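Protein chains in written order, with the UniProt record's numbering: chain L, 1 to 189; chain P, 1 to 189.
Idealized CB from N, CA, C, for every residue including glycine.
Predicted model only: the values in this text are computed from it and were never measured.
The next block holds one structure in the form of structure tokens; read it before the comments.
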């Protein structure tokens, strides 16, 4: 997606070989016109997949998620992240490890909102090691529903998440793929 | 806002005299068409206020916030909530107490994204005691910017936040105002 690639080139800040900061348009401040275009692009990519739900994770997935859900005319659900929680009957729980923050979180979704027969599109802002996407996919599968695809705004293609998700049989569409962040420069795949 | 009032009546669950659960369309699952209408309504209410930024707080403020920012054609910033953090030069920090969760959080916004001269519209999903809205307003004022208004999706008008914010001189517009949650029934103001 050219518009997004331009934005990454103009406003992305390479903190080191692993971390790209995009807090001016995606993670903290958000560009709503760009988010709308992101939603349109995911809709174009996954049309024909009979999506019935969009699932994302708080917080940075919500803006691209809601714009995609709007275009697809289906509800958005966002998984909540918690440090740990007491077991409850009414929620699906999965453990997700964040390599960036070096901590585990439990992600939760109410059982009310995903059902057998649902075809769920997973949306997230970043893909690196794939931990969050796999956690969301396991929740969809716990619910007896199907992962119709995984839409990623920015994939760090030099990390293994994209390959691992593809090997697990998921269709992954990343709007921007980054091959390297060496020497302070973003190289696109 | 009639559409929203209907949704509260049909899908809101009164947990007790203080707590209304709206996780089927606002807090966990989100109705994107309703969120778009919410954004349109805030834009109608605050047009003429020369808004330059929309400010909200993660996570449930992001969907109504991004839809409002899209209609107003300005950026959205969402404040992050943290348990506590080491002091940093590059962020504004305010302490916010949650009566619901009975805990204090620090909310943070990068100094890069609000500037003197900005006219900021604060958006949040709920207004009860006004703690979050006051915290966001203090951040806007720390930045030397102006609070152009406060837009609330659902105000619990039997709690003091709306009155306190008005007394402090802020213009508050709530799309739905709830007078009471007694006996499991929502009474609108």
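Since residue 147 (chain P) sits in a beta bridge, which residues does DSSP pair it with?
On the second chain, position 147 is the one that residue 147 (chain P) refers to. Partner(s): P:120.
On a CA-only basis, which of P:107, P:26 and P:79 is nearest residue 5 (chain P)? Give me that one, please.
Working through the second chain from its first residue, we reach residue 5 (chain P) at position 5. For the residues P:107, P:26 and P:79, the minimum Cα distance to residue 5 (chain P) belongs to P:26.
Taking the C-alpha atoms as reference points, what is the distance between residue 45 (chain L) and residue 169 (chain L)?
To locate residue 45 (chain L), count along the first chain from 1; it is residue 45. To locate residue 169 (chain L), count along the first chain from 1; it is residue 169. So the two alpha carbons sit approximately 17 Å from each other.
Start-to-end residues for the beta strand (DSSP E) that takes in residue 81 (chain P)
On the second chain, position 81 is the one that residue 81 (chain P) refers to. Start and end: 76-82.
So for residue 102 (chain L), helix, strand or coil by DSSP?
Here residue 102 (chain L) corresponds to residue number 102 of the first chain, with the count starting at 1. Correct three-state label for residue 102 (chain L): coil.
Using a Cβ-Cβ cut-off of 8 Å, state whether residue 84 (chain P) counts as contacting chain L.
Taking the second chain and counting its residues from 1, the one referred to as residue 84 (chain P) is at position 84. No - not a single Cβ of chain L is within 8 Å of the one on residue 84 (chain P).
What's the C-alpha gap between residue 36 (chain P) and residue 22 (chain P)?
Taking the first residue of the second chain as 1, we reach residue 36 (chain P) at position 36. Taking the first residue of the second chain as 1, we reach residue 22 (chain P) at position 22. One C-alpha to the other measures close to 17 Å.
Any contact between the segment 74-87 of chain L and the segment 152-172 of chain L? By contact I mean 3 or more CB pairs, one from each, below 8 Å.
no
8 Å Cβ cutoff, residue 132 (chain P) in contact with chain L:
The residue you call residue 132 (chain P) lines up with position 132 of the second chain. So no, residue 132 (chain P) is outside the interface.
Looking at the unbroken beta strand (DSSP E) that takes in residue 73 (chain L), where does it start and where does it end?
Here the question's residue 73 (chain L) lines up with position 73 in the first chain. It is not in any beta strand (DSSP E) - residue 73 (chain L) carries neither H nor E in the DSSP assignment.
Element boundaries [alpha helix (DSSP H), containing residue 8 (chain L)]
What you label residue 8 (chain L) is simply residue 8 of the first chain in a count that begins at 1. 2-11 is the extent of the alpha helix (DSSP H) around residue 8 (chain L).
Is the beta carbon of residue 186 (chain P) closer than 8 Å to that of residue 38 (chain P)?
Locating residue 38 (chain P) in the second chain gives position 38, counting from the first residue. Locating residue 186 (chain P) in the second chain gives position 186, counting from the first residue. Against a cut-off of 8 Å, the Cβ pair of residue 186 (chain P) and residue 38 (chain P) comes out as no contact.
Exposure of residue 102 (chain L), with buried meaning 16 or more beta-carbon neighbours within 10 Å
Position 102 of the first chain holds residue 102 (chain L). So residue 102 (chain L) ends up on the exposed side.
heavy atom of the ligand SAM below 7 Å from residue 49 (chain L) C-beta
Among the ligands in the structure shown, none appear at all, so the ligand SAM cannot be discussed.
Output the distance between the C-alpha atoms of residue 156 (chain P) and residue 1 (chain L), rounded to the nearest integer angstrom.
For the purposes of this step, residue 156 (chain P) is taken as residue 156 along the second chain, with counting starting at 1. For the purposes of this step, residue 1 (chain L) is taken as residue 1 along the first chain, with counting starting at 1. Answer to the nearest angstrom: the Cα atoms are 43 Å apart.
8 Å contact criterion, which residue 127 (chain P) and residue 14 (chain P) should meet: CB distance rounded
Locating residue 127 (chain P) in the second chain gives position 127, counting from the first residue. Locating residue 14 (chain P) in the second chain gives position 14, counting from the first residue. At roughly 17 Å, the Cβ-Cβ gap does not stay under 8 Å, so residue 127 (chain P) and residue 14 (chain P) are not in contact.
Which partner residues does residue 63 (chain L) have in the DSSP bridge list?
Numbered from 1 along the first chain, position 63 holds the residue referred to as residue 63 (chain L). Per DSSP, none; premise fails for residue 63 (chain L).
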